[in-house]
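See below for the structure under consideration.
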Amino acid sequence: MATPIPEKTLGERLRDHGLSRRGFLKLCAATASMMALPASMVPRIAAALEQARRPSVIWLSFQECTGCTESLTRSHAPTLEDLILKMVSLDYHHTLQAAAGEAAEEARLQAMEANAGEYLVIVDGSIPGPDANPGFSTVAGQSNYDILMETVEHAAAVIAVGTCAAFGGLPQARPNPTGAMSVMDLVKDKPVINVSGCPPVPMVITGVLAHYLTFGRLPDLDAYGRPMAFFGQSIHDRCYRRPFYDKGLFAESFDDQGAKEGWCLYRLGCKGPTTYNACATMKWNGGTSWPIESGHPCLGCSEPSFWDGGGFYEPVSVPLTANAGTLLTAGAVGAVVGGGSAALAKHGVKKADAERQPVTIDELEQTQ
Amino acid sequence: MNSAMDFLLWTKGPMFDIAMVIFAVGLLARLVEIFMLGRATNYAEPRATEWLPGFRTVLTRSVPDPGTFQRAPFNVLVGWIWHIGFLVALLLFVPHVELVKGVLGISWPALPNPVVDVFTAVTLFSLVATLVHRLTHPVKRHISTVEDYLVWTVVFLVVLTGYLAYHRLVNPYPLALGMHILCAEIFLIILPFTKLTHIFTTFIARWYNGAAFGRKGVQS
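Taken in sequence, the protein lines are chains B and W.
Take 10 as the starting number for the first sequence in this note's numbering and just add one per residue.
Take 15 as the starting number for the second sequence in this note's numbering and just add one per residue.
Right, dumping it as structure tokens:
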């Protein structure tokens with residue numbers, strides 16, 4: 010199963026699969042455009058991909074729902090996502106590999122040994138941290154934490170695919186019963202690229218791999234370790250409904266006239282303003298549509314803590330926990346404090362009145 | 015707190031609760047104290063009613079008389095402009111209306127964003143002008159206290175961070191929005207303990223004045 014440096018280059022493999030020279034160059038141009046690279050880079054990408062050997066990829070699935078794998082594999086063929094599976098040697102992947110049981114684990118160990126220092130590790134799913142009960146999630150009797158640490162030790166880089174792997178995602182949502190942690194929480198001595206999203210846009214995974222094959226290094230990353238080319242701009246800034254926000258035209262329910270006219274979904278809870286992802290430009294299902302285009306607010310699925318970041322249908326400006334009850338209770342407490350303070354002051358005045366000792370001029374003169 | 019999003023969620027979550035509680039406790043404590051202490055009992059026979067003159071004064075004191083305008087045109091004009099701008103941005107901006115609706119369940123119509131944007135920009139310029147005036151006008155400068163500068167700074171920061179967040183001039187956006195919400199929370203926290211309390215006491219004080227005048231049969 011493991012592939013210790015395949016004989017054929019990527020160019021040869023793609024040609025074997027019937028990809029013409031023209032098709033190959035189109036792929037390179039699409040990659041350059043997707044990664045926001047200048048057109049002058051296309052020949053370099055072509056030359057690099059032509060000569061590239063398929064890197065060994067070990068895909069580790071931990072506390073996840075397989076949605077990320079579904080996203081990658083169910084995309085329409087032939088696409089870049091289809092090609093990427095030919096661009097890499099996928100040596101270990103629960104869902105996709107034929108081997109099972111000990112043979113499957115053996116494949117992982119073989120790939121690690123044969124490609125030490127060069128293989129890429131893709132992780133989807135969060136990991137119960139070192140202090141959590143390891144029994145929450147195991148593979149072949151080994152805890153997720155142990156498998157991750159063992160596998161990344163000799164990896165070239167780690168790609169955390171999906172919000173669970175990148176930021177903890179759903180498993181880490183309060184009260185985080187399994188002590189779920191993200192890859193970057195645990196892996197400190199290897200480059201970690203976060204491709205967040207629930208699921209992530211498949212082409213982003215492709216783009217990161219193409220960049221790695223072309224330049225031999227990982228792309229520029231934002232503060233959250235996400236590739237700038239895809240996560241550099243917010244949904245809000247690239248949203249085709251933005252002009253409606255700027256004009257102040259909002260849908261106020263899912264079936265009002267505004268919703269039918271395609272107005273901004275801010276008031277229906279759209280998290281586009283705080284969310285950085287490529288959905289607005291790359292769209293989903295072969296460029297067919299994306300959530301906001303189909304009339305639903307962005308959930309902010311590519312951001313940290315998105316499950317705990319307020320109700321999906323609450324606008325961004327609404328506080329998370331504050332409510333009228335708290336305000337009224339605090340007001341009542343304030344009223345009692347104010348009342349007590351005023352009563353004390355009044356009492357003081359009354360007491361002073363009651364205890365006042367009239368002094369006559371004679372008495373004053375006597376005291377002198 | 016290691017990221018902009020954590021910071022935003024902190025300002026929208028626990029910090030908002032803290033600010034709201036301090037605001038409500040402080041404000042109600044002060045208002046109830048003011049009402050309970052009231053005024054010294056006036057034993058003189060009233061010459062006229064209190065209520066109507068009280069409300070009339072609320073109105074007349076809100077509109078400057080010509081003399082005041084001639085003496086201090088800057089104060090009247092710029093004061094009015096920035097107060098209106100601030101109130102428009104505070105009460106008629108869609109996200110703010112949604113915030114009130116989310117917390118209290120009541121809502122009202124909002125203005126289109128570009129209109130609020132213009133009001134906010136004018137407010138910012140006006141606020142800068144008030145500071146320059148305060149620093150250059152000898153009398154104003156003399157009577158200004160640390161509290162005056164503190165309140166100006168907080169009010170200005172609330173408007174400025176709101177403007178920066180709306181125009182997405184700070185990256186990442188969650189940081190910009192978090193800064194704005196935090197400034198607004200500081201505003202809420204200091205409100206009951208500084209001259210910002212006038213937001214709630216101005217009209218009460220004007221009514222008291224008018225009522226006292228009315229009782230004495232004096233036109234105010």
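Note that the Cβ used here is the ideal one computed from N, Cα and C, for glycine as well.
In this text the structure is predicted, and so the values were computed from the model without any measurement.
Could you check where the alpha helix (DSSP H) with residue i kicks off and where it finishes?
i        : result
B/Ala61  : Unbroken run through B/Ala61: none, as it is neither H nor E.
B/Leu118 : 110-123
W/Asn223 : 212-230
B/Thr18  : From DSSP, B/Thr18 is part of no alpha helix (DSSP H); its letter is neither H nor E.
B/Tyr154 : 153-161
W/Trp65  : 65-74
B/Phe176 : 172-176
Which of the three DSSP states is assigned to residue i in this structure?
i        : result
W/Leu183 : coil
B/Ala86  : Any reading at B/Ala86 must be qualified, since the residue scores a pLDDT of 44, below 50, and its modelled position is unreliable; no value is offered.
B/Thr330 : coil
W/Gln84  : helix
B/Met212 : helix
B/Val51  : helix
B/Ser80  : helix
W/Val46  : helix
W/Ser17  : coil
B/Gln366 : coil
B/Gln106 : coil
B/Gln72  : strand
W/Gly52  : coil
B/His26  : coil
B/Pro184 : coil
W/Ala190 : helix
W/Thr208 : coil
B/Met10  : Because the pLDDT of B/Met10 is 46, which lies under 50, any placement of that residue in the model is unreliable, and the question is left without a value.
W/Pro28  : helix
W/Ser158 : coil
B/Val358 : helix
B/Leu323 : The residue you asked about is not Leu; residue 323 of chain B is Glu in the sequence shown. Note: B/Glu323 maps to coil in three-state DSSP.
W/Glu199 : helix
W/Trp122 : coil
B/Leu337 : helix
B/Cys207 : coil
B/Ala351 : helix
B/Ala141 : coil
W/Val77  : coil
W/Leu22  : helix
On the DSSP bridge assignment, give the partners of residue i in chain order.
i        : result
B/Val201 : B/Val167
B/Met190 : B/Ile136
B/Leu230 : B/Pro236
B/Ala130 : One point to set straight first is that residue 130 of chain B is Val, not Ala, in the sequence displayed. According to DSSP, B/Val130 bridges with B/Ile67, B/Val167.
B/Gln375 : Bridge partners of B/Gln375: none, in fact.
B/Thr147 : B/Ser152
Can you list the residues of chain B that residue i reaches, using a CB-CB cut of under 8 Å?
i       : result
W/Leu40 : In the sequence on display, residue 40 of chain W carries Gly and not Leu. In chain order: Gly343.
W/Leu19 : It should be noted that the sequence gives Met, not Leu, for residue 19 of chain W. Simply Thr283, Glu312, Pro313, Ser314, Gly318.
W/Leu51 : Ala351, Ala354, Lys355
State the start and end residues of the unbroken beta strand (DSSP E) segment that holds residue i.
i        : result
W/Ser140 : From DSSP, W/Ser140 is part of no beta strand (DSSP E) but of the alpha helix (DSSP H) over 127-150.
B/Tyr101 : 98-101
For a contact meaning CB atoms closer than 7 Å, what does residue i contact in chain W?
i        : result
B/Val346 : Val39, Ala43
B/Gly32  : Residues of chain W passing the Cβ test: none, with the nearest at roughly 38 Å.
Give the residues of chain B in contact with residue i, contact being defined as C-beta atoms less than 7 Å apart.
i        : result
W/Gly119 : Ala333
W/Tyr187 : Ser243, Pro282, Thr283
Show which residues of chain W have a CB atom less than 9 Å away from the CB atom of residue i.
i        : result
B/Glu270 : Going along chain W, no residue has its Cβ under 9 Å from B/Glu270, so there is no contact; the nearest lies around 15 Å.
B/Gly257 : Val108, Ala124, Leu125, Pro126, Asn127, Pro128, Val129, Val130
B/Ala169 : Result: empty, since nearest Cβ-Cβ is about 15 Å, beyond 9 Å.
Residues of chain B with a CB under 9 Å from the CB of residue i: which are they?
i        : result
W/Arg182 : Ser243, His245, Asp246, Pro282
W/Gly99  : Here the premise fails: no neighbours, minimum Cβ distance about 17 Å.
W/Val102 : Near W/Val102 there are no residues of chain B at all, since even the closest Cβ is about 13 Å away, more than 9 Å.
W/Glu64  : Here the premise fails: no neighbours, minimum Cβ distance about 21 Å.
Against residue i, what residues of chain W qualify as contacts under a CB-to-CB distance less than 8 Å, listed in chain order?
i        : result
B/Asp317 : Leu23
B/Val325 : Pro109, Leu191
B/Leu329 : Leu23, Lys26, Gly27, Phe30
B/Tyr254 : Asn127
B/Arg276 : Val108, Glu112
Please confirm whether any heavy atom of the ligand NAD lies closer than 7 Å to the CB of residue i.
i        : result
W/Ala103 : The ligand content of the structure shown is nil, which means the ligand NAD is not present either.
Q: Please list the segments of the alpha helix (DSSP H) lying wholly inside the stretch 93-120 of chain W, counting only runs of 4 or more residues, in order along the chain.
A: 108-118
**Q.** Ranges of the alpha helix (DSSP H) found wholly within the stretch 233-319 of chain B, counting only runs of at least 4
**A.** 237-240, 244-247, 251-256, 266-270, 288-291
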